[in-house]
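Residue numbers (the working numbering): 15 to 385.
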Amino acid sequence: MGNEFSGMPISQSTENKPQDSRKPGVQLRRRVFLMVLAGILLALMIILALLPRLLFPPYEPLPTTGKYSVGTLVTHWADPARAETYGKAGGPRTLAVEFWYPQEGKGRYPLVLFSHGAFGNRRSNESLFRELASHGYVVCSLDHTYQCLSTNLQGGKRIWMDAGYAGEIIREDAKKDPAQSLEFYRKWMGIRTGDIQFVLDTLLAQVSENPAHPVFGLVDSHAVALIGHSLGGSAVLGVGRARGEVIGVIALEAPFLCDIMAVENGNFVFDPREYPVPLLCVYSDASWPHLKEWPQYAQNARFLEKTGGNMNHLYFEGVGHLALTDLALASPFLTRIMDGPGHAVGAAEGLTRLNQVCLSFLNRYGRVEAR
């Protein structure tokens, strides 16, 4: 059988054929729009591909200068005496704790406990931890669960920062509403100082019960120093007043939030007592010009007038608040965005100097032979 359609004529009529009624100018604008849209999408794809490298480019960690190689240990401790108040899971408050220690160490070494800043984590100053461990210190740093950017609990469960806590940090304004600020401070400090006290109690119990442990067995339970950055510095300043084992405190740009006793006539009322142990307060360009005008830093300004003896103050000119942490190495771009322009000191130079200052302070006050 032949093709039944082969003999049918092909109509050339266009009477019923839809016509493109768009004018040439409209068609041109449409083509230009599509080309621009394609260009934007391509640019976004390139940015997304390069973003991780832009935000966190490869970098060389700072070399250690001590004689010891550095080992690390991560553990998780749950506090049966405190229920978790963040999140919905409940149960005991659980913390990730990490140690940096001298691997070839023999005998006992001073303990340094570190508390990170408002949006940091336990590794925020790892270059400092490694430097101290290489010189014969056991360093312990903890994640303040729900008050750190993120943490992994035992079993690998990832816990992110609590949104309510982050909102409080952003909203807090001591000039506009000191009473609300004090309420926030007491809440944050209650959790953080509780974390630090629990970790110290647990660790010192392990030191007593497990003298042969490769890490706990290295700790001198009578020589405990505390370091903290920002909100973590405020927490260790509070713990430094409360524990007899503490022989020195380093506060990296941190107000004395635990010293605020009340608000009277719109002003903070601070604990009038002197600080009981050797203290090093470090400041950057972020706070140094404002110590006498920021209400939460009034105690810092008062102590600044008491130099000499066990009271030490250091202004790091040319660096910002986050440049006092390893974020300056890990993400120079983010550090510049968050700290702002105008800081002349490079990350490696600034952190190397900071780490050496901290080491010198601890060698002066933290060693048994120094005391």
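We treat Cβ as the ideally placed atom computed from N, Cα and C, and that holds for glycine.
From the listed residues G208, E186, S235 and R206, the smallest Cα separation to A219 is found for S235. DSSP places E145 inside the alpha helix (DSSP H), whose first and last residues are E140 to S148. Assignment of M49 by DSSP, reduced to helix, strand and coil, places it in the helix class. Ranked by how close their Cα comes to the Cα of N326, the residues C295, R316 and S345 have C295 in first place. In the displayed model, M325 falls within a strand according to three-state DSSP.
Ranking G242, P228, E307 and F330 by CA distance to the CA of A268 puts G242 first. Of all C-beta pairs linking the region 150-168 to the region 87-102, three or more are shorter than 8 Å, placing the two stretches in contact.
Ranking L328, D176 and G380 by CA distance to the CA of L368 puts L328 first. When the beta-carbon positions are compared, G332 and V359 come within less than 7 Å of each other.
Spanning the alpha carbons of F230 and F212 requires a straight line of approximately 16 Å. Per the DSSP secondary-structure output, R255 pairs with nothing in a beta bridge. Within its own chain, the residues whose Cβ lies closer than 7 Å to the Cβ of W302, once the five positions on either side in sequence are excluded, are Y329, listed in chain order. Distances from the CA of A361 to each of H227, S148 and A342 were compared; the closest alpha carbon is that of A342.
Positions of the alpha helix (DSSP H) runs, each at least 4 residues long and wholly inside the region 278-325, are given as 312-318 in order along the chain. By the CB criterion at 7 Å, L338 and S374 fall outside the cutoff. Residue environment analysis places P75 among the exposed positions, since fewer than 16 neighbouring C-beta atoms fall within 10 angstroms of its C-beta. The three-state secondary structure of A110, taken from DSSP, is strand.
Contact between V263 and V291 holds: CB atoms are separated by about 6 Å, below the 8 Å threshold.
The DSSP assignment places complete alpha helix (DSSP H) segments of no fewer than 4 residues inside the region 333-385 at 341-344, 346-353 and 361-379, in order along the chain.
In its chain, beyond the 5 residues on either side, D234 have a beta carbon closer than 6 Å to the beta carbon of R122. Per DSSP, reduced to three states, the secondary structure at A103 is coil, with no helix or strand assignment.
Close CB contacts of N135 within its chain, under the 8 Å cut and outside five residues either way in sequence, are with D157, C162, L163, S164 and T165 (chain order). For G356, same chain residues with a beta-carbon under 8 Å away, outside a window of 5 residues either side, are D299 in chain order. Under DSSP, H236 takes part in no beta bridge, so it has no partner. Along the region 113-197, the alpha helix (DSSP H) occurs as fully enclosed runs of 4 or more residues at 140-148 and 177-185, listed in sequence order. S138 has its alpha-carbon roughly 12 Å from the corresponding atom of L266. Between the alpha carbons of I173 and L293 lies a distance of about 33 Å. Between R206 and A239 the beta-carbon gap is near 17 Å, outside 8 Å, which marks them as no contact. As DSSP reads the structure, V84 sits in a beta bridge with P116. CA-CA distance, S83 to I261, rounds to 25 Å.
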